[in-house]
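Residue 309 in numbering that gives the first Met the number 0 sits at position 310 of the sequence shown, with consecutive numbering throughout.
Each residue gets a CB set at the ideal place from its N, CA and C atoms; glycine is no exception.
In this text the structure is predicted, and so the values were computed from the model without any measurement.
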Amino acid sequence: MPEAENILHHSMEEKRIVIAGAGFGGLTTALAMSKDPAIARHGYDLVLIDRHPHHLYTAGLYEAAAVSRHFARDEYLASSVCIPLADIIRALPIRFVQGTLAGVDVRNRRVTLDSQGTLSYDYLVLALGAETNYFDIPGLKEYSAPLKTANDAVALRNKIEGIAKSKHSLSIVIGGAGATGVELAAELVNFLCVLEREKNPRAPACRTTVMLLEASRDILPGFDAHAVRRITRRLRHLGVIVKTGIPIIAASKDDITLKSGERVPYDVLVWTGGIKGPHILKTLKLPLSPKGTLVVDPGLRVMQTDGRVFAIGDNAWVAHPRTKRPIPATAQVAEQEARHVAKAISRAVRGKPIRRFRTMKKYPFVLAVGRKYAYADLLVMRFAGRIGWCVKQLIQLRYFLFILPWPRAATLWWRNMMLYHSND
Ligand SMILES: Cc1cc2nc3c(=O)[nH]c(=O)nc-3n(C[C@H](O)[C@H](O)[C@H](O)COP(=O)(O)OP(=O)(O)OC[C@H]3O[C@@H](n4cnc5c(N)ncnc54)[C@H](O)[C@@H]3O)c2cc1C
0 MPEAENILHH
10 SMEEKRIVIA
20 GAGFGGLTTA
30 LAMSKDPAIA
40 RHGYDLVLID
50 RHPHHLYTAG
60 LYEAAAVSRH
70 FARDEYLASS
80 VCIPLADIIR
90 ALPIRFVQGT
100 LAGVDVRNRR
110 VTLDSQGTLS
120 YDYLVLALGA
130 ETNYFDIPGL
140 KEYSAPLKTA
150 NDAVALRNKI
160 EGIAKSKHSL
170 SIVIGGAGAT
180 GVELAAELVN
190 FLCVLEREKN
200 PRAPACRTTV
210 MLLEASRDIL
220 PGFDAHAVRR
230 ITRRLRHLGV
240 IVKTGIPIIA
250 ASKDDITLKS
260 GERVPYDVLV
270 WTGGIKGPHI
280 LKTLKLPLSP
290 KGTLVVDPGL
300 RVMQTDGRVF
310 AIGDNAWVAH
320 PRTKRPIPAT
330 AQVAEQEARH
340 VAKAISRAVR
350 GKPIRRFRTM
360 KKYPFVLAVG
370 RKYAYADLLV
380 MRFAGRIGWC
390 VKQLIQLRYF
400 LFILPWPRAA
410 TLWWRNMMLY
420 HSND
């Protein structure tokens, strides 16, 4: 692409801040720095790299996977979660390069893009997200559907609809009851019932099964007991079969095997059981955590580098100073780390020392649990039900307003709300 050629071959002498990954962390870093006068005053160019031309709004994926074709074609559905980076960057002083990061040469401060050459940097922010972790469980990668991209969501929706056409009652098994598994299970119950009613409006009751399996003792590992209790109750009320403390040890074309020896047949198997650092990190010769994520110092600089490489979001290993456990891999944490790094680089270019990143004792969250119900823990207050759902909608609107001009943000928000709740 011409922009990349220009950057890659004609401007090696520019002072440059390169941000790799335009997800929640990378995009927030770029937007925050583009509004920082110190960056422009000191003559730094901002370059944002991503392999896709869009920003993926992952929080809408479980909804997109449960909208029937009756309401949305594939492209329309995908566009509800894929926001073009061109719309976001507009007139901001950010240069976007579409390309895949293939290497980092820390000593010479250069990144390599797949088939596009190299690009020098003065500061580098790595925000490459995460990959699905299958924990080497035999057959799991082969037979399960992931939910990480817009294509995954559309493919899952289409697969479910395809099977539902020829079968009376469907069995869906979801492995992994973290936030994604819970939101998806709750949404799919309703979706399957809608499909069944479309086929047979006189059907007395919905006969489909959604089973949510979790290897840990409870669903939502790491969440507080109150949330776990309320959400488990809500899932059971919706008709989701919740089984905990039973790891999946193998998957085949038609069933999964649990550690107890039980075999569970399925029509559709979805895996939302874990994430790990992206494969590319293994090739960078930088220190990695057991999960394959980059180990950072208290200022979020990658260890064993010259202090000019930062890592944020899902590809960074940030431990809570007291518990020593990693802080949650969420969009909200990625954004918080991004704001810290934007400030840190701004301080560094002004010759000031970098401050420590402040982790929170507890993180607020909102989880949608079917139809217009959500559990929201805002630390000072907790809501469950329709108020929680309203909180979730407002959080989405606030995010769209942060990344897009307000008419575009409001349109996207309204359009998605109409689309996602067409099934409810
Ligand atoms: C289905 C689902 C639902 C979720 N729901 C929520 C929610 O409701 N609330 C919440 O807080 N969190 C949610 N999360 C978690 C949240 O999406 C992540 O924690 C967040 O996206 C992390 O941000 P990030 O910037 O680290 O990575 P990402 O947002 O994943 O961004 C990484 C970016 O890097 C790009 N990239 C990767 N490799 C390369 C490469 N080699 N070269 C160039 N570009 C590359 C990718 O294309 C991507 O744009 C959800 C996750 C999923 C999967």
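Does residue i come out as helix, strand or coil in the three-state DSSP assignment?
| i | result |
| --- | --- |
| P325 | strand |
| A347 | helix |
| K275 | strand |
| T304 | coil |
| H167 | coil |
| Y122 | strand |
| Y372 | coil |
| F95 | strand |
| H420 | coil |
| E13 | coil |
| M32 | helix |
| R262 | strand |
| K242 | strand |
| D49 | strand |
| R202 | Before going on, a small fix: residue 202 reads as Ala here, not Arg. If DSSP states are grouped into helix, strand and coil, A202 belongs with coil. |
| Y43 | strand |
| P83 | strand |
| T358 | coil |
| T282 | helix |
| G20 | coil |
| H339 | helix |
| G161 | helix |
| I248 | strand |
| L257 | strand |
| V105 | coil |
| R229 | helix |
Ordered along the chain, which non-local residues of its own chain (more than five positions away) have a Cβ less than 6 Å from that of residue i?
| i | result |
| --- | --- |
| L194 | A163 |
| A249 | P137, G138 and T256 |
| G175 | T271 and G272 |
| I38 | M32 |
| D121 | K14 and R15 |
| T28 | I18, V124, A337, V340 and A341 |
| S421 | F70 |
| A323 | For clarity, residue 323 is Lys in the given sequence; the question names Ala instead. Answer for K323: no residue qualifies. |
Have a look at residue i and residue j and give me their C-alpha separation to the nearest angstrom.
| i | j | result |
| --- | --- | --- |
| P424 | F356 | Residue 424 falls outside the range modelled here, since the chain spans only 0 to 423, and no answer is possible. |
| V239 | V188 | 7 Å |
| A144 | E130 | 13 Å |
| K371 | G384 | 7 Å |
| A126 | R206 | 43 Å |
| D376 | R15 | 40 Å |
| E160 | N150 | 15 Å |
| I386 | L366 | 12 Å |
| D423 | T179 | 19 Å |
| I274 | A214 | 15 Å |
| S170 | A184 | 12 Å |
| Y133 | I48 | 27 Å |
| N199 | R232 | 29 Å |
| T99 | G25 | 14 Å |
| P352 | I279 | 30 Å |
| A202 | P327 | 42 Å |
| D223 | V390 | 19 Å |
Between which residues of its own chain and residue i is the CB-CB distance below 7 Å, once the five residues before and five after are set aside?
| i | result |
| --- | --- |
| V172 | M210, L212, I255, V263, Y265 and L268 |
| K252 | Y142 |
| K361 | L378 |
| L237 | A185, V188 and G369 |
| K258 | I245, P246 and I248 |
| P92 | S33, A39 and L45 |
| V483 | No answer is possible for residue 483: the residues shown for the chain start at 0 and end at 423. |
| L55 | G22, V80, C81, T148 and A149 |
| K140 | Y133 |
My assumption, with CB atoms under 8 Å, is that residue i sits in contact with residue j. Please give the rounded CB distance.
| i | j | result |
| --- | --- | --- |
| L219 | G177 | 7 Å |
| L418 | A408 | That belief does not hold up - the Cβ atoms of L418 and A408 are roughly 16 Å apart, past 8 Å. |
| L76 | H53 | The pair is not a contact, with the Cβ atoms about 14 Å apart (cut-off 8 Å). |
| V153 | L234 | Not a contact, Cβ separation roughly 25 Å. |
| T57 | A330 | 7 Å |
| R156 | V66 | 7 Å |
What residues in its chain sit with their C-beta under 8 Å from that of residue i, if we drop five residues either side in the sequence?
| i | result |
| --- | --- |
| C192 | C205 and T207 |
| T358 | V317, H319, P320 and I326 |
Worksheet item: For the 8 Å Cβ check, are there 3 or more pairs between the segment 59-75 and the segment 17-35?
Response: no
Worksheet item: Three or more C-beta pairs closer than 8 Å, one from the segment 80-96 and one from the segment 33-40: is that the case here?
Response: yes
Fill in: Cβ contact (3+ pairs, closer than 8 Å) linking the segment 278-286 and the segment 301-310
yes
Discussion item. With three or more beta-carbon pairs closer than 8 Å as the criterion, would you say the segment 390-400 touches the segment 409-420?
Written reply: yes
Worksheet item: Is the segment 338-348 close to the segment 316-330, with three or more CB pairs under 8 Å?
Response: no
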